[in-house]
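Each number in the working numbering comes from the position in the sequence shown (counting from 1) with 85 added on. Quick notes on the structure that follows.
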Amino acid sequence: LPSLTTTTNPRSAKSLKMRTSFALITALSVSSCSAFAPSAAFSRQTSSLEMQASRADFLKQSLASAAVLTFFNAPAFADDIKLPSGVSYVVSTAGDGPKPDIGELAAIRFKATYGTMVIDDIFGTPEPYYTRVGSGGLLKGIEEVIPLMRVGDRFVVTIPSDLAFGKKGRPASAGKPRIPGDATIVYEVEMVGLPGKEPELIELIGDV
């Protein structure tokens, strides 16, 4: 009877062993690469985070640039302007209208304060106050500032006592509080309009 024992060819066994080892190494290499290489989802997430970081950096740089430009282009009217007389003012609102001429009729609104005490306030009245520029009908400190204003301007004016009510101050009167001597007065003044020398208007309100 033929033998049931299988004889293995040494050369074939060696070849099979080499093929098996190569396949195992290849599989391990692919597995290692897959383990250390980022997945598609991870790559997309990383790219998204990088884009967000880039946008954040861009916004920070833009805001910084805008702040620098704002600083260097800040309007001069943000400063406290002091006149030789001692009167100072800050332009809280800048208008774009014309300036009044000396002798021209001007419509203004104002609020006067001494410390926390309100001396006068006509911002809420139906009509503004009409004055002829340079006529001397207002405090000296206000008379000095009015010709500098444009229609639409709003100034906060600080007037030293010698250009306001002086050493004597002002006694109390009906609806008007007493102002002590040597008081520094703060006026908020708005140039509302310049009616000019229209005869009808002057006849209506009088020649101030």
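Glycine residues also receive a C-beta, built at the ideal position from the N, C-alpha and C atoms.
CA-CA distance, residue i and residue j?
i: G278; j: G266; result: 33 Å
i: I187; j: G221; result: 11 Å
i: P232; j: E275; result: 12 Å
i: G251; j: G171; result: 14 Å
i: S258; j: D181; result: 38 Å
i: R263; j: G209; result: 22 Å
i: Y199; j: R217; result: 25 Å
i: P213; j: K196; result: 12 Å
i: I270; j: R239; result: 16 Å
i: V175; j: Y215; result: 22 Å
i: L302; j: G219; result: Because the chain spans 86 through 293 in this model, residue 302 falls outside it and cannot be assessed.
i: S246; j: Y272; result: 13 Å
i: D165; j: A249; result: 19 Å
i: L168; j: G260; result: 32 Å
i: E229; j: P280; result: 20 Å
i: K253; j: P211; result: 32 Å
i: P185; j: A268; result: 29 Å
Considering only the alpha carbon of each residue, which of the options lies closest to residue i?
i: A192; options: G237, K252 and S173; result: G237
i: S319; options: R255, V203, P211 and M234; result: Any answer about residue 319 is impossible in this case: the structure gives the chain only from 86 up to 293.
i: L224; options: P211, M202, T201 and R255; result: R255
Below 7 Å CB to CB, which residues in the same chain sit around residue i once its five sequence neighbours on both sides are set aside?
i: L109; result: Only weak support is given to the placement of L109: the predicted model assigns it a pLDDT of 44, under 50, and the value that follows is read from those uncertain coordinates. No residues qualify anywhere along the chain.
i: P183; result: R235, V236 and L279
Leaving aside the five residues before and after residue i along the sequence, list all residues of the same chain whose C-beta is less than 8 Å from its C-beta, in chain order.
i: I207; result: R194, F195, K196, P213 and Y214
i: I227; result: F195, V242, I244, Y272 and V274
i: D205; result: F195, K196, A197 and K261
i: M202; result: P262
Suppose the cutoff is 6 Å on Cβ atoms and the five residues either side in sequence are ignored; what does the same chain contact list for residue i look like?
i: S173; result: D165, K167 and T243
i: K99; result: Note on K99: pLDDT 47, under 50, position unreliable in the model; the coordinate value appears next. Here the set comprises nothing.
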